[in-house]
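Data first, discussion second: the structure below is written as structure tokens.
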């Protein structure tokens, strides 16, 4: 083998083959036939199902309308649902047309059976009679251990102060009509006496989270609330200085100071300034250097001196509005995303922070979700069109080498991402209130559930207790207990072993094909593996 092809050969052998999915359930539609039902002749399809794990098989008889109902049910919850053959105005009687429909229905069901997130769905399990014929294929849903639905406004952001068990919730009125009415009412005309009274459009709530020792149950005790005549957007809390920062849609940022002596009940306003002309989308406080970092939908990234808020420096202007900001304090780095699918990296050991890398992900869609795993050195981004990108963060000082190493996803309007390093899974919350679990081993969604009735705006994952907190525009706060495994552990091991065997066989076959091509053509170049769908 030529030396200049060794790197591609390495990728070929080590890359996971995600273009083929192993399915525990194998099925085929073997025939169609007529039955007399309720006074009319109806076409049925005979579906033969085989469970690779239990080695059991069974037969189902289903009408087109039943499969179509299943498709409609799944389409409401899952991205990229396999297509179904369309309905016809009149009943199909031609055998060739029926044969064509049979193949299309078989393709639809096979692709569904290869999707772990779909196989775990109750509608699909009922349709395929999985519980009856394959009881070992049990799935473990998340369970609600606490739900709070007493908030008067929809949630935009939240942050948890673990040392004091305090949850800060940022809310705002989600109804545009009532917001406009409030804005008009809150305006002080020149001849009117100015007052602090206003109709609340936004608010910040502080709750004491009280739970039992095992964390199996919770209840929230309201500590205080602060209202605003405008929408609130993001919240940040510095536990060293006990300073809460709130970013507003008007571009203003307000700081509140608390103390242990007050038992966190007294929050006094200490900073109120307006560095932006658009919604504050990202906020961070560097207490060591005394800087406030902020980015906005006005396309500006700015830094402000904490002790001199009139000293505002514009660090950068993006071609698109900024959407998120993460401050890596330990390594003095800042990560910002924008509406054009771009991740920008700044080093913060200089003033002003210096731009060192601009990474255009594979999409130009708006990035809303952003999370970082500093242990395994990954950056995760999610867009409003369902694109999920994984970038290699690398070591500090090597920021110019950050690159996108993989991408996947589906037709989801992603709002928030959270990474679970223990299971190597990614949780996405979307605009329709769904939480989807993605396996980073396969790049596929493996479980999904309807968590809220409105857009999920923030999630917090507790590694110790394996619990996920989600908040949304539906005014709810929910604690979820995440199962150790989404499917029966023995079934999961069987699937992983089977997938590994398939991958090894496919890699071996491609390796042999590669060697044969090298032997047949001595002039092979570095492009000899193009089109092999290798994802480094």
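Residue numbers (this note's numbering): 1152 to 1687.
Glycine included, every Cβ here is placed at the ideal spot set by N, Cα and C.
None of these values were measured; they are calculated from a predicted model.
As assigned by DSSP and simplified to three states, the class of residue i
i	result
residue 1226	helix
residue 1377	strand
residue 1258	helix
residue 1656	helix
residue 1407	strand
residue 1599	strand
residue 1340	Its pLDDT being 45, under 50, residue 1340 is placed unreliably in this model, and the value from its coordinates should be taken loosely. If DSSP states are grouped into helix, strand and coil, residue 1340 belongs with coil.
residue 1275	helix
residue 1235	coil
residue 1189	coil
residue 1719	Look at the range of the chain in this structure, 1152 to 1687, and you will see that residue 1719 is not part of it.
residue 1220	helix
residue 1372	strand
residue 1396	strand
residue 1502	coil
residue 1199	strand
residue 1454	strand
residue 1333	A caution first: residue 1333 carries a pLDDT of 49, below 50, which makes its placement in the model unreliable, though a value can still be read off. Looking at residue 1333 - three-state DSSP - the assignment turns out to be helix.
residue 1215	helix
residue 1582	coil
residue 1359	strand
residue 1490	coil
residue 1249	helix
residue 1413	coil
residue 1174	coil
residue 1205	coil
residue 1649	helix
Option in the options with minimal Cα separation from residue i
i	options	result
residue 1194	1208, 1179, 1204, 1216	1216
residue 1605	1612, 1234, 1597, 1582	1582
residue 1599	1497, 1460, 1447, 1270	1270
residue 1434	1413, 1487, 1408	1487
residue 1621	1264, 1300, 1220	1300
residue 1548	1483, 1538, 1631	1483
residue 1504	1537, 1468, 1536	1468
residue 1528	1560, 1572, 1492	1572
residue 1432	1439, 1450, 1209	1450
residue 1456	1475, 1471, 1436	1436
residue 1188	1205, 1213, 1203, 1178	1213
residue 1539	1589, 1439, 1552, 1575	1589
residue 1267	1380, 1593, 1623	1593
residue 1280	1226, 1292, 1219, 1207	1207
residue 1289	1394, 1643, 1647	1643
residue 1312	1411, 1447, 1261	1411
Host beta strand (DSSP E) of residue i (start-end)
i	result
residue 1466	1459-1468
residue 1478	1473-1479
residue 1508	1505-1511
residue 1298	1294-1299
residue 1319	1317-1323
residue 1433	1431-1437
residue 1310	1305-1312
residue 1386	1383-1389
residue 1611	1607-1613
residue 1689	No information on residue 1689 is available, as it lies outside the stretch 1152 to 1687 that the chain covers here.
residue 1351	Run containing residue 1351: none; DSSP gives neither H nor E here.
residue 1445	1442-1447
residue 1630	1628-1632
Range of the contiguous alpha helix (DSSP H) that encloses residue i
i	result
residue 1496	Looking at the DSSP string, residue 1496 is not in any alpha helix (DSSP H); the run it does join, the beta strand (DSSP E), is 1493-1498.
residue 1283	1281-1284
residue 1745	It is not possible to answer for residue 1745, since the shown part of the chain is limited to 1152 through 1687.
residue 1270	1267-1270
Heavy atom of the ligand NAD within 7 angstroms of residue i beta-carbon
i	result
residue 1534	Ligands are entirely absent from the displayed structure, and the ligand NAD is therefore not among its contents.
Cβ distance (whole Å) where residue i is taken to contact residue j below 8 angstroms
i	j	result
residue 1580	residue 1610	5 angstroms
residue 1492	residue 1516	5 angstroms
residue 1211	residue 1232	Incorrect: roughly 20 angstroms between the Cβ atoms, too far for contact.
residue 1358	residue 1320	7 angstroms
residue 1305	residue 1625	7 angstroms
residue 1389	residue 1438	5 angstroms
Contact with chain C by residue i, beta-carbon distance below 8 angstroms
i	result
residue 1646	Reference to chain C is not applicable here, since this structure consists of a single protein chain.
Next item on the list: Note down, one range per segment and in chain order, each beta strand (DSSP E) of at least 3 residues found wholly within the stretch 1509-1580.
Entry: 1518-1524, 1529-1534, 1538-1543, 1554-1560, 1565-1571
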